[in-house]
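Reviewing the structure listed below.
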């Protein structure tokens, strides 16, 4: 049995509310600031969910050059009580934990997928 999860693409930005409002306008959605001032979600009527997280060291992407090319990651929200089960499940499917010296921001657990893409499991808290 899998634990309930909510995958959300998270874009990094210096000003998350401004970028979320841009995407809300572009996608005909709504920017929804929450309890965490560094994370703003965008919701659309057709079910699209996107989030923007504050990165104090944000540098605009240089894609396709490799410098500063990682500007987004998949964030999978999980009920806080299911974090351990979700981690076991991810690892059993081939995820590799990324050593960050302890839990990431807001209790996030960081991983690389089998192809090396980064993703995080994060407690859903307010969802």
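In the numbering used here, the protein residues as written are 531 to 657.
Ideal Cβ positions, reconstructed from N, Cα and C, are used throughout, including at glycine.
Remember, predicted model here, so these are calculated numbers, not experimental data.
Just mark residue i as buried or exposed, buried being the case when its beta carbon has 16 or more other beta carbons within 10 Å.
i           : result
residue 652 : buried
residue 541 : buried
residue 618 : exposed
residue 657 : Any answer about residue 657 is weak, because its pLDDT of 41 lies below 50 and its placement is not dependable; what the coordinates show is given next. Classification for residue 657: exposed.
residue 620 : buried
residue 650 : buried
residue 549 : buried
residue 636 : exposed
For residue i, which of the options has the nearest alpha-carbon?
i           : options            : result
residue 590 : 644, 543, 534, 642 : 543
residue 554 : 564, 574, 536, 622 : 574
residue 578 : 624, 648, 559, 628 : 559
residue 659 : 629, 641, 643, 616 : With the chain covering 531 to 657 only, the question about residue 659 has no answer from this structure.
residue 583 : 643, 538, 622, 610 : 538
Give the DSSP-derived three-state secondary structure of residue i in the structure shown.
i           : result
residue 652 : strand
residue 626 : strand
residue 561 : strand
residue 545 : coil
residue 578 : coil
residue 589 : coil
Rounded C-beta distance between residue i and residue j? I'm assuming under 8 Å.
i           : j           : result
residue 562 : residue 551 : Rounded, the Cβ-Cβ distance is 11 Å, inconsistent with contact.
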